[in-house]
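Peer 1:
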Amino acid sequence: MADKDQDVHAKIHKMLNKTKASREQWMAYYDRWEAEFAALDTAGTGFVNEKQWEEHFEDTEDAHKFTEFDGDNDGQVSKDEFVYGKRADQTFDEIDTNKDQKITKDEWIARYGSADGFDDYDMNGDGVIEPDEWRASRIADQTFRTADTNDDNKVTREEWIARFGNDSHFDDYDLDGNGVIDPFEFRSAKVAELEFRKTDTNRDGKVSREEWKERYGSEVGFDEYDLNGDGLIDPDEFRACKMADFEFNKTDINKDQKLTRVEWIAKFGDDEAFDSYDANGDGIIDADEWRRGRVADIGFRRMDTDKDRKVSREEWIAKFGSDDHFDSYDLDGNGVIDADEWRAGQKLEREFRSMDTNKDGMISRDEWAARYGSADGFDEYDLNHDGIVDPDEFRIVTAKKTALETAYFKVESKYFVPRSRCNATKAVMLQTTPVTSRSTFFRK
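To get the working numbering, take the position in the sequence shown, counting from 1, and add 56.
1. Indicate whether the contact test is met: 3 or more Cβ pairs, each with one atom in the region 250-262 and one in the region 316-328, closer than 8 Å.
2. Our contact map puts glutamate 249 next to threonine 257 with C-beta atoms below 8 Å; I'd like the distance itself, whole angstroms only.
3. Keeping to the same chain, check which residues put their C-beta closer than 6 Å to that of isoleucine 341; ignore five residues upstream and five downstream.
4. Mapping the DSSP letters down to three states, classify threonine 481 as helix, strand or coil.
5. Quick one: what's asparagine 105 bridged to in DSSP?
6. Per the DSSP calculation, threonine 160 is bridged to which residue(s)?
7. Use the C-beta contact count for asparagine 234: other C-beta atoms within 10 angstroms, 16 or more gives buried, fewer gives exposed.
8. Could you check where the alpha helix (DSSP H) with methionine 411 kicks off and where it finishes?
9. Whose C-beta lies closer than 8 Å to the C-beta of threonine 202 among residues of the same chain, with five residues either side of it excluded?
10. What residue from Met299, Ala374, Gly261 has the CA that sits closest to glycine 349's CA?
11. Tell me leucine 315's beta-bridge partners as DSSP assigns them.
12. Work out the CA separation of glutamine 313 and serine 193 for me, nearest whole Å.
13. Which two residues bound the contiguous alpha helix (DSSP H) that contains serine 384?
14. What is the rounded straight-line gap between the Cα of aspartate 446 and the Cα of serine 264?
15. Using only alpha-carbon positions, find the residue among Asp118, Phe125, Phe138, Ile309 that is nearest to tyrosine 86.
16. For serine 134, which residues from the same chain have a beta carbon less than 7 Å from its beta carbon, with the 5 sequence-adjacent residues on both sides left out?
17. DSSP beta-bridge partners for isoleucine 502?
18. Can you say whether aspartate 126 is buried or exposed, counting buried as having 16 or more other CB atoms within 10 angstroms of its CB?
19. So, helix, strand or coil for isoleucine 419, using DSSP?
20. Which whole-angstrom value is the C-beta distance of alanine 196 and valine 247, which I expect to be below 8 Å?
21. In its own chain, which residues sit with a C-beta less than 8 Å from the C-beta of glycine 277, not counting the 5 before and 5 after it?
Written out as C-alpha cells, the structure is:
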C-alpha cells in the first residue's frame, strides 16, 4: 500500500506541473512577481514580516493573506514563498474556468484529464477546492520538495532534521505512524496550521471558545478539539484534530460521513484496529470516532520512544513523571500498554472529564445524577466507597461493564468478576484479583 501511495503522489505532482502558459509567459509572470516582492521587501533582506505585509497591502484583499504565503510558519515570507504563492494563484485562476473562486471536480478533470488528486486538495471534503485550500496546499508541496532531498516522494526523519534542524513535530505530521511523511500528511499539517493561525485572532497561541465561534459560527466541534479539556485549543490539539478530519474526508470514499469496514480495508489493507476505532460498536466509524482514534494514536507514538508498538512503565514515567494510572491502562496486566488499551483509556478519560463539571478530578454523586438523571449505578463505580468516583475507578468499571473487554482490552477473567456479578461487593472483587493491596488494586 505504501509503494502504491508513493506512485500516486508522484503522478499527481507531475500532473499538477502541467500548465497552459508558455515558458515565455511564465518568465514574464516570474519577473512581475519578483518586482512585487522587491516592493514589499523595502529593507532588502529577502524576507517580509507580517507588519510589512499588512502595511503594503493595506485596504486590499491581500492584506490578510500573510499566513497563507508563510509556508514554513517561521513568521516571515521569503521571495520563493511569495513567488510560489503567486504561481499557485495563477494556476488556480486558469483551472477555475467559470471564475466563481472554486475548482469543481469537472473543472479539475477538464484541466488534468482525470479526477486523480482532486480529493488530496479538497481538504475539507466539500466537493470543491477553494483558493485558500489550493494556495496553502501548493506552497506546502513546495516546502515538502525542499525537504525530500532524494526525491522519493516521502520525508524521512533524517531529511526532516536536515531541513528543520530537529525532529520536533515529525511524529505529529506522520499521521499513520509509518516512519515517513508523505505529501498528503505534510499538506494536511500545513493547511491545519494555517487554519489555526486564522482562528487564533488575538495571536496568543491558543484558540478560545469565543474565537472558535467567531470563525465557525457556533461552538459545535470545540470540545472535540479541546483534547485535554482545559477550555482552550493549543496548536498541537488543533493540528492533530484537523489532520485527522482531512484524512477522514479522503478515506470516506462515498462521502457519507462514515467509514465502513470495506472503506477501512481499502485504506489499510486489513481490518486490524477497526473495532477499536468503532467506539460504540455499531459497525461504522464516524468522524468523531476517527478523530479520537487518530489523535490517541499520535499520543501513543510519542510515548513509545523505542518504537516497539507498546508503552512500558519506564516510557510512561518518562512522559508523565510517575507511574500513576499506568496499571489502570494496562488492563490485561502484562506490564505494557498496547495501542488498543491506550485508545480505549483515552476515550474513557474524555467521558470522565465531561461528567466532572467542577473540574476537581472526581465525580461526585451530584455530578453523576446530573449526567444520568439519578444516582443509580454510582455506588457500583465507587469501588472504595469514599463517596466519589475517581478516574481509575471509572475506567475499571466501565471497561468491565461493556464490550471493551473483548474489543479493546482482551481482559482475562482473573482481573474482573463476571459481568453477571457486576453488582458484587468490594470484598468479592478483591477475592477475584491476584493483588491484595488496595492502592494497587484500585489502579488496576
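Where a beta carbon is used, it is the ideal one built from N, C-alpha and C, also for glycine.
Everything numeric in this text was worked out from a predicted model, so none of it was measured.
Peer 2: Quick look at the numbers:
1. Look at the beta carbons and you see the region 250-262 not touching the region 316-328: under three pairs across the two are nearer than 8 Å.
2. No, glutamate 249 and threonine 257 are not in contact; Cβ-Cβ is about 15 Å, not under 8 Å.
3. Cβ within range, chain order: Leu315, Tyr333, Asp334.
4. For threonine 481, the predicted model reports a pLDDT of 30, less than 50, meaning its position is unreliable and no value from the coordinates is stated.
5. According to DSSP, asparagine 105 bridges with Gln132.
6. Partner residues in the beta bridge of threonine 160, as assigned by DSSP, are Val184.
7. Exposed, by the Cβ-count rule.
8. Segment 395-411, the alpha helix (DSSP H) holding methionine 411.
9. Here threonine 202 has Arg219 as same chain residues with Cβ atoms under 8 Å from its own Cβ, once five neighbours each way along the sequence are excluded.
10. The closest CA to that of glycine 349, considering only Met299, Ala374, Gly261, is found on Met299.
11. Beta-bridge pairing links leucine 315 to Ile341.
12. If I take the Cα positions, the gap works out to 23 Å.
13. Counting along the chain, the alpha helix (DSSP H) containing serine 384 begins and ends at 382-385.
14. Distance between the alpha carbons of aspartate 446 and serine 264 is about 28 Å.
15. For tyrosine 86, the closest C-alpha among the options Asp118, Phe125, Phe138, Ile309 is that of Phe138.
16. If we look at serine 134 and ignore the five residues flanking it on each side, its Cβ neighbours are Gly102, Phe103.
17. With the chain covering only 57 through 500, there is no way to say anything about residue 502.
18. Its Cβ being crowded by 16 or more others within 10 Å, aspartate 126 is buried.
19. In the structure shown, isoleucine 419 sits in a strand (DSSP, three-state: E or B).
20. About 7 Å separates the two Cβ atoms, so the contact holds.
21. For glycine 277, the CB contacts under 8 Å within the same chain, skipping 5 residues up- and downstream, are Trp268 in chain order.
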